[in-house]
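Visitor: Numbering (our numbering), first residue to last: 22 to 313. Ideal placement from N, C-alpha and C gives every residue a C-beta, glycine not left out. Just dropping this structure here.
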Ligand code: MN
Ligand code: MN
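This is how it looks when you write it as structure tokens:
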């Protein structure tokens, strides 16, 4: 395969802040060891970073230049040889430091098994997953840290009422007990994204939120470059509206399951834009809060 980015990627091109001065800390976790179908998400962080160079750092919708925001790119965690458990532990330790320093973590995956390490570094938050899959297996392939267990690990930490998975359309028989914890994709198609957003507010009514964006939550027509694509997903604009709506409550963000070897630049570009979007809308929400 040609033109593949390495697993050791350059930094996000608009991230020009030192750690000390930063408000946002971006870091990659190039890990895809538990992938069940097609591997390649270890190239996700570098693919997403490279794709950011495609966009203007000036975001016209907000009249905001990302160059002016203090974003630090910490590079990738060295998890190549780690077991899934060691990897999660490593992500957790790193995320805890970022949070303790009062900064906003943005994780670039990697497969979805990387996310619980970051989300569970917080206390007292809710988690909104966007995903085609329920990820509600207690164990998969004899491993609790498999990417098919991501929601389950969030529930372990935050409880049933503080986790919601949106856009789901693939649920294993053993996962059926997850139904109260999901907003399925077909219901969103039928009732519209405004309904879905109201439903999110109802189910996660208050407090801080971490968004874990599994890119396969979006329809493969918009995001084909992923290991386990499923038809009938959300639109990319649906996801933008969810992120924008939750911005005032957002404390952390990840985008996972992007697989550059299976992509033609479409999916990495979309993931990169969501990183930019998350930074822009949370920054603006912070300014509004400060001026109140
Ligand atoms: Mn997932
Ligand atoms: Mn998924």
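Using alpha carbons as the reference points, say which of 54, 244, 122 and 230 lies closest to residue 267.
Guide: Looking up residue 267 in the chain shown gives position 246. Nearest of 54, 244, 122 and 230 to residue 267, Cα basis: 230.
Visitor: Measuring alpha carbon to alpha carbon, tell me which of 285, 271 and 276 ends up nearest residue 303.
Guide: Stepping through the chain shown from its first residue, residue 303 is reached at position 282. That would be 271, whose Cα lies nearest to the Cα of residue 303.
Visitor: Would you call the CB atoms of residue 52 and residue 100 closer than 7 angstroms?
Guide: Mapped onto the chain shown, residue 52 falls at position 31. Mapped onto the chain shown, residue 100 falls at position 79. Cβ atoms of residue 52 and residue 100: closer than 7 angstroms.
Visitor: In whole angstroms, what separates the C-alpha of residue 128 from that of residue 274?
Guide: Stepping through the chain shown from its first residue, residue 128 is reached at position 107. Stepping through the chain shown from its first residue, residue 274 is reached at position 253. About 6 angstroms.
Visitor: For ligand 2, which residues have a Cβ under 7 angstroms from at least one heavy atom, in chain order?
Guide: Listed along the chain, these residues meet the criterion: 133, 152, 153, 154, 156, 235, 237, 238, 249 and 278.
Visitor: Is residue 159 buried or exposed, if buried means 16 or more other CB atoms sit within 10 Å of its CB?
Guide: Along the chain shown, one-based indexing puts residue 159 at 138. It counts as exposed.
Visitor: Within 6 angstroms: the Cβ of residue 244 and any heavy atom of ligand 1?
Guide: Within the chain shown, the letter at position 223 stands for residue 244. Answer for residue 244: no, Cβ out of range of ligand 1.
Visitor: Return the Cβ separation of residue 279 and residue 246 in integer angstroms, given the expectation that the two are a contact with Cβ distance under 8 angstroms.
Guide: Here residue 279 is taken as the residue at index 258 of the chain shown, counted from 1. Here residue 246 is taken as the residue at index 225 of the chain shown, counted from 1. The pair is a contact, with the Cβ atoms about 6 angstroms apart (cut-off 8 angstroms).
Visitor: What does the Cβ neighbour count give for residue 115, buried or exposed, with the cut at 16 atoms within 10 Å?
Guide: Reading the chain shown from its first residue, position 94 is the one you call residue 115. Flag for residue 115 reads buried.
Visitor: Should residue 301 be labelled buried (16 or more other beta-carbon atoms within 10 Å of its own) or exposed?
Guide: Looking up residue 301 in the chain shown gives position 280. Buried, by the Cβ-count rule.
Visitor: Given 8 angstroms as the limit, is there contact between the stretch 171–179 and the stretch 212–229, that is, 3 or more CB pairs closer than that?
Guide: Cβ pair count under 8 angstroms is below three, so no.
Visitor: Kindly identify the DSSP beta-bridge partner or partners of residue 182.
Guide: Numbered from its first residue, the chain shown carries residue 182 at position 161. Per DSSP, none; premise fails for residue 182.
Visitor: Does the structure place the stretch 64–74 close enough to the stretch 291–298 that three or more beta carbon pairs sit under 8 angstroms?
Guide: Touching, yes, given that three or more Cβ pairs across the two stretches are closer than 8 angstroms.
Visitor: In the structure shown, what three-state DSSP assignment does residue 23 receive?
Guide: Sequence index remark: in the chain shown, residue 23 carries index 2 (1-based). In this prediction, residue 23 has a pLDDT of 32, which is less than 50 and means its spatial position is unreliable; nothing more can be read from the coordinates.
Visitor: In terms of alpha-carbon separation, which member of 90, 282, 64 and 286 lies closest to residue 305?
Guide: Indexing the chain shown from 1 puts residue 305 at position 284. Checking every option, the nearest Cα to that of residue 305 belongs to 90.
Visitor: Kindly indicate the opening and closing residues of the beta strand (DSSP E) around residue 129.
Guide: Translated into positions along the chain shown, residue 129 becomes position 108. Residues 125–130.
Visitor: What is the DSSP secondary structure of residue 189, counted as helix, strand or coil?
Guide: Position 168 of the chain shown, counting from 1, holds the residue named residue 189. Strand.
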